[in-house]
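Student: Okay, so the sequence shown: first residue is 231 according to the working numbering, each after it adds one. Sharing a structure here in structure tokens format.
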Amino acid sequence: MDTREDDLGTTRGDPAAPTWADRQDAIRGRQDAEPLMGAVLDLVHDLDEQVTNLKVALQSNRRIGIAIGIVMSQRRITDEAAFLALRGASQNSNRKLRDVAEDVIYAGRLD
231 MDTREDDLGT
241 TRGDPAAPTW
251 ADRQDAIRGR
261 QDAEPLMGAV
271 LDLVHDLDEQ
281 VTNLKVALQS
291 NRRIGIAIGI
301 VMSQRRITDE
311 AAFLALRGAS
321 QNSNRKLRDV
331 AEDVIYAGRL
341 D
């Protein structure tokens with residue numbers, strides 16, 4: 231049986247080895263661990279927010295790509311020219327590029 235310790239200090243193959251829940255209980259009982267736990271929770275919150283923002287950005291990027299394809303087809307222009315047209319429409323209307331892209335997707339054209 232393998233009894234080497236893993237990265238968390240758990241001895242593999244030993245049923246009496248402390249579990250993650252045991253470790254959490256031990257940390258909770260230490261007063262000096264509270265600031266660390268707070269910092270970890272803050273980090274987890276920040277990372278969760280970052281993941282959410284990246285998901286929104288990825289979805290927006292896909293939608294903008296679809297709109298670029300529509301403008302390319304409609305105007306028979308390159309992808310760079312289609313992006314510039316979308317960006318120009320965004321700036322002229324003072325709207326986010328992703329909102330202009332959504333309008334293009336639903337209307338089938340860039341007005």
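In this text, a Cβ means the ideal position worked out from N, Cα and C, and glycines have one as well.
Flag this pair as yes or no: are the beta carbons of residue 340 and residue 304 separated by less than 8 Å?
Tutor: Here residue 340 corresponds to residue number 110 of the sequence shown, with the count starting at 1. Here residue 304 corresponds to residue number 74 of the sequence shown, with the count starting at 1. Cβ distance < 8 Å, so residue 340 and residue 304 count as in contact.
Student: Taking the runs of the alpha helix (DSSP H) that are 4 residues or longer, which of them lie wholly in the segment 267-327?
Tutor: Counting only runs of 4 or more, we get 309-323.
Student: So what's residue 341 in DSSP terms, helix, strand or just coil?
Tutor: Indexing the sequence shown from 1 puts residue 341 at position 111. Reduced to three states, the DSSP call for residue 341 is coil.
Student: Flag this pair as yes or no: are the beta carbons of residue 316 and residue 331 separated by less than 8 Å?
Tutor: For this step, residue 316 is matched to residue 86 along the sequence shown. For this step, residue 331 is matched to residue 101 along the sequence shown. Result yes, Cβ atoms of residue 316 and residue 331 sit closer than 8 Å.
Student: Could you tell me the alpha carbon to alpha carbon distance between residue 265 and residue 338, rounded to whole angstroms?
Tutor: For the purposes of this step, residue 265 is identified with residue 35 of the sequence shown, where counting begins at 1. For the purposes of this step, residue 338 is identified with residue 108 of the sequence shown, where counting begins at 1. The straight-line gap from Cα to Cα measures roughly 54 Å.
Student: So, are the CB atoms of residue 298 and residue 309 less than 8 Å apart?
Tutor: Start at 1 with the first residue of the sequence shown, and residue 298 comes out as number 68. Start at 1 with the first residue of the sequence shown, and residue 309 comes out as number 79. Their beta carbons are under 8 Å apart, which means residue 298 touches residue 309 by this criterion.
Student: Have a look at residue 318 and residue 287 and give me their C-alpha separation to the nearest angstrom.
Tutor: Reading the sequence shown from its first residue, position 88 is the one you call residue 318. Reading the sequence shown from its first residue, position 57 is the one you call residue 287. Their backbone Cα atoms lie some 20 Å apart in a straight line.
Student: Is residue 251 buried or exposed, if buried means 16 or more other CB atoms sit within 10 Å of its CB?
Tutor: Mapped onto the sequence shown, residue 251 falls at position 21. Label assigned to residue 251: exposed.
Student: Give the straight-line distance between the Cα atoms of residue 294 and residue 249, rounded to the nearest whole angstrom.
Tutor: Translated into the one-based positions of the sequence shown, residue 294 becomes position 64. Translated into the one-based positions of the sequence shown, residue 249 becomes position 19. Rounded to whole angstroms, residue 294 to residue 249 spans 47 Å at the Cα level.
Student: Please list, in chain order, all residues of the same chain as residue 312 whose beta carbon is under 6 Å from its beta carbon, the five residues on each side excluded.
Tutor: By one-based count along the sequence shown, residue 312 stands at place 82. These residues qualify, in order along the chain: 298, 301 and 302.
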